[in-house]
Each structure stands twice: as structure tokens, then as C-alpha cells.
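Chains as they are written, first to last, in the UniProt record's numbering: chain F, 1 to 724; chain X, 1 to 74.
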Amino acid sequence: MEIKAALTGNPNCGKTTLFNALTGSKQRVGNWPGVTVEKKEGTYKNDPSILIQDLPGIYSLSPYSLEEVVARSYLVQEHPDVILDVVDTSNLERNLYLTTQLLELDIPVVVGLNMMDIVEDKIDLKKLARWLNAPVVEVSALKKQGLESLMKQVKNESAKKEQKPFLFSRSIEDAIGSIQRLLPETKQTRWYALKVLENDSRILEELSLSKTDQQKITKLREAIENEFDDDIESILTAQRYDFIEKLIQDCVKRKRTKHAMSVSDRIDSIVTNRFLALPIFVLIMYGIYTIAMGSTPFSIGTIGTDWANDVLFGETIPGMMGSVIQYFHINPILASLLKDGIVAGVGATLGFVPQILVLFVFLSILEDCGYMARVAFIMDRLFRKFGLSGKSFIPLLVATGCGVPGIMASRTIEQDRDRKLTIMTTGFIPCGAKMPIIGLFAGAIFGNSSLVATSAFVIGIAAVVVSGIMLKKFKAFAGEPAPFVMELPAYHFPSLSNVLHSTWERGFSFIKRAGTLILLSSIVLWFLQSFGFVNGAFAFVDDNNNSLLALLGRSLAWIFYPLGWVGDMAWKATVATFTGLIAKEEVVNTFGVLYNFGGELSEAGNEIWTLVAADFSAITAYSFMLFNLLCAPCFAAMGAIKREMNNAKWTWISIGYMCVFAYSISLIVYQLGGLLLHEVPFNFFTVVALVLLVGILYLLFRKGYSEDKSNISVKDFSLNKVRS
Amino acid sequence: MPLSFCKVDVVYPIEKITGKDSMRTHLRNLGIVEGESIVIKNAIQKNLIVEIKGIRIALDATLAQRIMVGKEIQ
């Protein structure tokens, strides 16, 4: 029989490390039904009959963030066979707070005391087990110790029904008992009774109690509130902590002197220092980008990508392909498909993998070591100025690598409208895949000026800021972002296996895309640009200006006429923009194919620079770049937006907003910039550009929607909407 | 007095957390409860990093104003 064990615990208690240690490589990642909080599960590597499900890290079973809602409804509704509660021993008090709540569910609990090795306190495990009435096992997730005895307990415990410890005072326990008798038979658990007593709106809705029962419960609640002269939630919280305090006095011999300056404190006093915080952060990011994407001797990402482009996909594979074609006398059309279509297209994406992987490694390290939480804190004050909170900074930061995990990182944001705003703007940040576009134009038109890449970042961030300010003034987003509160975990050395796991998870989706979407699109693109109508007959064309693709591009090119995409380049730019939706790196790849360069393009496409330079002027190049940086992201990121929004209307609003914003900005820059440079004459679209500019300024500076003061309450968390 | 006005590296007892909303519950779940002692470890303008129950928690200015503390503990 299969045993389902739910792995729970506070954030940063070592849960993920334990999960990786227990399951090894046998993991699956999915999403929870209905919502998009990630769900990982895997079987125990020494006993495949035990299925371990990794729940999001939570502080309590009173839901505050989306992840807490998910974890709670999973435990209550799915009813796993056993709860494996991971407790960070260095932080026993707060971790046991969750344990006291887990014990109230009708599910056996096994407590795993993690990180015992770093604590100097002496803990009496037997006594602790007696207090909690649950088995307690010492484990070290990092050193993989105690895992077997932990899992033995999980197996033993799964069949048992435990008597729960009574931790509240007499009158409250009595009330819980009375409420239990009022509940429907299947829900007569201590946990439901407690939630009813706490007046938990979601549970009350689920139970739909009769009027008389509700009155009885209200009376019980009021009696308790009067007795303790406080509201019920405060009373219960206080009594839980009282229970834990007594437990700790009995079981733990403290050695530690309180409030000593720890290593974490010392690091914090530097990295969160009022003056040094921002420069340090900029320096760290600069270092990461130099190593991943720079052009210095220690830029291992670039070295890897150069090798992949120049050697692997530049010589080795095309060479092999060439000899295969020669050997088998493959039909020239098929040979063209293999060489110009598949190898060139897929190679362009795969060549990019080394840089992406290096970037992901560093971002994973930042997340794992505890610095990310500090960054959110440092940025909070700044971000509040344009209507976002510091928590929105993490998604933006992650999006510099790839928009998909960036958008997914938005789920730690508690307030619904803050989260939506973050999702809508995350795509503006130039992700790794947009780098080749920047590289192409910087090289072809702007003499390799590093100002182009810098300006792309500035524009991305400015787009986020401008959008934040503009959108915040609409009713849907109006209101202060939720107050910022976040635990700052103690710094620790990132665990190699965690970093590798998360890098692989993210990196693999890139590689998978190259084998599927990019492969398919390369074939379609090759077909469309290789065939066309010559003198009225459908045939293989030599000049792709006669191809189906050119026909298609020309029929849509009028859309971008106001952005200055005119002449020979118009259809090519149009096609590249649309293929960019498949993946942003496709833009450069498409130019490579369209400018008739037979072999593999290097990442920035040096080989076609002269051809591109002949077709684009500085201002059209910039307009094209701007549009492609800001418009709708790739399909993968659009998919992520759809999943995180969990709502068709908001998905379309987000994508539509990005396109309209990109179009407006490109139009303004081309028309007004062109006019100033005497490149574009005054015309109808100059007026349109002026109108758009005034419109944006109006949206930026108008007095926004503001709620009646009396209506504002922090209770406005619309998590319900997300769930339904 | 609100935590916002307190000195860094001095221990204060929490007397009350004002307001009545889900944020207060969340603060409690994080360990910020009445009767517990709290220390400001660092302040960036009005945002604070505090230590409570041996954990570091970052709080913004609006929340710091809602935590009422008593006289400093020696």
C-alpha cells in the first residue's frame, strides 16, 4: 500500500534539502490543482511505496499568503497519511508554533528535528516527544543523517491515530469540545472546531452551519473573549506560545546567550547598511553578469556559448551533417532543411545554454544563501514610490535571467493587485534571450557600444517604473501595497545539491524548448522562406524576397509602418518580430535565415552585420529593438502569465498592455527622434506621437483613483478570487 | 511607544500590536506577540530589521508604528 507523506515546515527550515535527500532524483514538479503554486513530489529512494509531497513553506495554518492557502487546503482536503514536520532546531520556538497547529489536524505527525548539529542547546528528545505526543527524530538534511530512522517512523505512524495534546486552558478546551459536537460527522475534528471558534471565514463558509448553531458558537466565543479580555485569535496565539515556552523550559537546556551578535548579524550590518546596501547589490549583480555574459577572460558563460556557437554548432555539427549529406547523396532540398533549417535554428538556441546555466547557478545561489530576502528589504522603500513593494523586486531580478521563473516568483506577493501588477511588468525586463537582439544591433549599427545594452536595461526598468505609476492610478490597482514583513533567514552556505537541482529545473526547460518548439518553428520557418510563387508557379525559391514568408511579412508589415519599418527590411523585421514570440532568441536567428547567411550565426550575428546595417538606420534599429524588448514576451512567458493570473481576462490585459505600451514607445521614439535627427519629415504620425506622449504624461501625473478612506482596510486580500 | 521610535540594539517588551486585521495575525504567526522582547538590529530610514525569538524579521515603517513597546529592559 502506498503511503502519502506530506513534507511541511517553516520556510527555510531545510525542507527542500531534506526533500532532495529523501527522493534523490526521483522527483516530479507540477502545480497544485487550480492554483499555480509549485508542487513537487517524489518517492523515497529506499522505499518506493512512500510518496513524499513537498508543501510550500508556511508559518501557520491561518492563511496569509497564497502558498499558505494551498498548503492548508491540501492538508485538510487531501488528507495525506502522515505529516512529516521539519523543524529547524536553531529556531525551535517559532517552528513548533506550526507543529502545534499540525497536531490538531486528524493526521499522524512525525517531527524531524533538523540542524541539531549547529545548535549548542541540549534537547531531550524523549521529553519533547511526550509533550507533543508524536515521534521526534533527529535528522541532518545536509549531511543526510537520520533519514532512515525518520522514514521508519513515517511508515509506523501512518496507520496510527494519536491522542492530541491539549494545550489550551480549561475553558477553551471545553468550548472546542462543545463545538466539535455541533459539527457534521465527517468534520468533527479538533482542527475544524478551532477554526470555527476562531471565526475563520473560509471554514465557516465550507461548513454552512445552522443559525442556532452559529449563535451558540458566537456565545462560546464571546464568553472566552470576556474571560481573557482579548480577541479570540490573540488568546489562542498567546496560549500556543505559552505551551511552547513551557515545553522548551522542560526539554531544552539553553546554552546560548541571548541577543549575541551572530555571523548573520555581522553580514547584515554591512549588506543592509543604509549607505552600502545599494552599491553592494549593484556590485554583486555586475559581477554575476560579467561572469555569465561579459567578455572578460573569466566570463565562463560567454566562453561556453562562444565554444558552442563557433565550434560545436559552427563547425562540428554542420561538418558532420555535411558529410552525412554527401555520403547519402541527400536531396538538396532536404539537405537545406537539415542544414539551414534545423541545425541553424536549434543550434542558435542551444548555443545560448551555457550563459543561461551560469546565470541560473548564480541566481540560485543568491536565493539559497538568504541574500534575496535582504534585497527585497533594501528595495522596499524605493519600490513603494511607484506602487510596488520590495517583494516585487525578486521577480524582476529573476527575470533578468528568464521571464518564466521571474513571473512564477511573483507568487510570494500576498496582495492580489500587487501580484498582478508585478506579473504585468516583469516581462519588460530584458531577459537572457533578449541579449542577442541587443548584441545584433549594438554590433551592426552602433559600433558595439556598450551603451546600447545599458540603455536596454534602463529602458526595461523605466518601463516597469512608468507602468507601475500609470497603472496604480487605475481603480483595479489603486491602494497602498501590502505592508512589508519578511523573515530574514540566517545566511548559510548554499548547498550544492539545491543549487544544482534548481539550476537544472530551470535550465532544462530551455533545452527542452530547443528540442520541441524551436525545432518545429525552424522547420516551418525554413519551409515558408524556401518556397514561394515564381512566375505564378509554386516552387523552391532562391531569392527569399519571393518566398511565402515575404508574402506573409509584407501583408502584415503595414502594422509597423508608423514605427519606421519601411522598405526592404519591413517584411523581415515583421517576420522576426512574430517569430520572436516563439522565443526571443529567434529574432536574431530569423534575421540570420532571412539575410541569407548559410552557416550558423554567432550569438550576436556578426556575419550579417553589414547586411543589417545597410537596411536599418540608427533610429529604425532602435525603434525595432525597443519594440521587441518591450512587446509581448515569448510563448513560454505568456504561458507563465496565464498560469499565474489564472484568469483569461487578466492574461489578455497583461499581454495587450505590453504590446500597446511597446508600440507607443517605439512610435514616439521613431517619429520624434527621427524628426530631431532630420531623418523623418513632419507627418501625420508625428502628431500621433505627440498625442501619445501627452497621453502617457497625463496618465503619469493625473490624480489617480483613490478609495474613500473609510473603505481602506488591509483585509482587502483577495486571495479568495485567486482560488476560485 | 511605537517601535519606530526605539533605539537600536536595546531590548524592549512588546505591549500591544494595534489594528485588527489579517496582518496582525500574520505578525503573530511570525512570532511577534505581546509579552515577547524585541530588539532593533538595523534601521534603514524607517524600515527595521528586528530580532525576536532568535529570528530576524524585516518590517516596514507602517508596521513598526503598530507595534507598541514598553520601557527598555536592561
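Built from N, CA and C at the ideal position, the CB exists for glycine as well.
Just checking my contact of Leu551/F with Gly532/F at CB under 8 Å: how many whole Å lie between their CB atoms? At roughly 7 Å, the Cβ-Cβ gap stays under 8 Å, so Leu551/F and Gly532/F are in contact.
So, for Glu157/F: in the same chain, excluding its five sequence neighbours on each side, which residues have a beta-carbon less than 7 Å away from its beta-carbon? Val82, Pro108, Val110, Pro135, listed in sequence order.
What residues of chain F sit near Thr18/X, judged by a beta carbon separation below 9 Å? Within chain F, no residue comes near Thr18/X; the closest Cβ sits about 12 Å away, beyond 9 Å.
Here's the rule I'm using: 16 or more other beta-carbon atoms within 10 Å means buried, otherwise exposed. How should Gln101/F be labelled? With 16 or more other Cβ atoms within 10 Å, it is buried.
Across which residues does DSSP place Asn546/F in a beta bridge pair? DSSP output for Asn546/F lists no bridge partner at all.
Please list the partners that Phe484/F has in chain X, where partner means a Cβ-to-Cβ separation under 8 Å. In chain order: Asn47, Ala58, Leu59, Asp60, Leu63.
Unbroken alpha helix (DSSP H) run spanning residue 728/F, endpoints: For chain F, the structure presents residues 1 to 724; residue 728/F sits outside this window and is missing.
Looking at the secondary structure, which residues open and close the beta strand (DSSP E) in which Pro49/F lies? Going by the sequence as given, residue 49/F is Ser instead of Pro. For Ser49/F, the enclosing beta strand (DSSP E) starts and ends at 47-54.
If we ignore side chains and look at the alpha-carbon of each, how far apart do Ile333/F and Leu366/F end up? Between Ile333/F and Leu366/F, the C-alpha separation is close to 49 Å.
Beta-carbon separation of Lys253/F and Asp117/F under 8 Å? Taking 8 Å as the Cβ cut-off, Lys253/F and Asp117/F do not qualify as a contacting pair.
Please classify Leu359/F as buried or exposed, where buried requires at least 16 neighbouring CB atoms within 10 angstroms. Under this definition Leu359/F is a buried residue.
Whole angstroms is fine: what's the gap from Gly553/F's alpha carbon to Ala576/F's? Roughly 9 Å between the two C-alpha positions.
For Ala453/F, collect the residues of the same chain with a Cβ closer than 7 Å to its Cβ; drop the 5 residues on either side in sequence, then sort them by chain order. So the list reads Ile438, Ala442, once near-sequence residues are dropped.
Any idea what DSSP makes of Asp310/F, helix, strand or coil? Helix.
Residues of the stretch 639-665 of chain F with Cβ closer than 8 Å to any Cβ of chain X, in chain order: Taking 8 Å as the Cβ-Cβ cut-off against chain X, none of the residues of the stretch 639-665 of chain F qualify.
Test item: CB-CB of Asp265/F and Lys41/X under 8 Å: In contact: Asp265/F and Lys41/X (Cβ atoms closer than 8 Å).
Coarse secondary structure for Tyr12/X, derived from DSSP in three states: Judged by DSSP in its simplified three-state form, Tyr12/X adopts strand.
Measuring alpha carbon to alpha carbon, tell me which residue in Ala636/F, Gly564/F, Gln355/F, Val680/F is nearest Lys512/F. With distances taken between Cα atoms, Lys512/F lies closest to Ala636/F.
Could you tell me whether any Cβ in chain X is nearer than 8 Å to the Cβ of His259/F? Low confidence applies to His259/F: its pLDDT is 47, below 50, so where it sits in the model is not reliable, and the reading given next is rough at best. Taking Cβ atoms only, chain X reaches closer than 8 Å to His259/F, which makes this a yes.
Is Leu528/F buried or exposed, if buried means 16 or more other CB atoms sit within 10 Å of its CB? Buried: at least 16 other Cβ atoms inside 10 Å.
Starting from Asn42/X, trace the beta strand (DSSP E) in both directions and tell me its first and last residue. Note, Asn42/X: beta strand (DSSP E), 37-44.
Per DSSP, which residues does Asn114/F bridge with? Please list them. For Asn114/F, the beta-bridge partners assigned by DSSP are Asp88/F.
Give the single residue among Ile123/F, Gln153/F, Arg240/F, Gln355/F whose Cα lies nearest to the Cα of Pro165/F. Taking Pro165/F as reference, the option from Ile123/F, Gln153/F, Arg240/F, Gln355/F with the minimal CA-CA separation is Arg240/F.
Interface residues of chain F facing Glu34/X [CB-CB closer than 8 Å]: Residues of chain F passing the Cβ test: Ser234, Ala238.
Do Asn10/F and Asp88/F have their CB atoms nearer than 8 Å? A contact, by the Cβ cut-off of 8 Å.
Is Ala5/F helix, strand or coil by DSSP? Reduced to three states, the DSSP call for Ala5/F is strand.
Do we get a CB-CB distance below 8 Å when we pair Gly31/X with the residues of chain F? Closer than 8 Å to some Cβ of chain F, the Cβ of Gly31/X qualifies, so yes.
Contact set between Ile38/X and chain F, taken where Cβ atoms lie within less than 8 Å: The contacting residues do not exist; Ile38/X stays about 10 Å from chain F at best.
Which first and last residues belong to the alpha helix (DSSP H) in which Gly322/F is found? Note, Gly322/F: alpha helix (DSSP H), 317-328.
For Gln346/F: DSSP bridge partner residues: For the record, residue 346/F in the displayed sequence is Val; it is not Gln. DSSP lists no bridge partner for Val346/F.
Any idea which residues DSSP pairs Arg56/X with across the strands? Assignment of beta-bridge partners to Arg56/X by DSSP yields Leu488/F, Glu51/X.
What is the rounded straight-line gap between the Cα of His259/F and the Cα of Gly31/X? Reliability fails at His259/F, whose pLDDT of 47 lies under 50, so the model's placement of it is uncertain and the value that follows must be treated cautiously. C-alpha separation (whole angstroms): 16 Å.
Let me know if Gln249/F comes out buried or exposed under the rule of 16 or more other beta-carbons within 10 Å of its beta-carbon. Exposed: under 16 other Cβ atoms inside 10 Å.
Within 8 Å (strictly less), CB to CB, does Arg254/F reach chain X? Answer no: the Cβ-Cβ gap between Arg254/F and chain X never drops below 8 Å.
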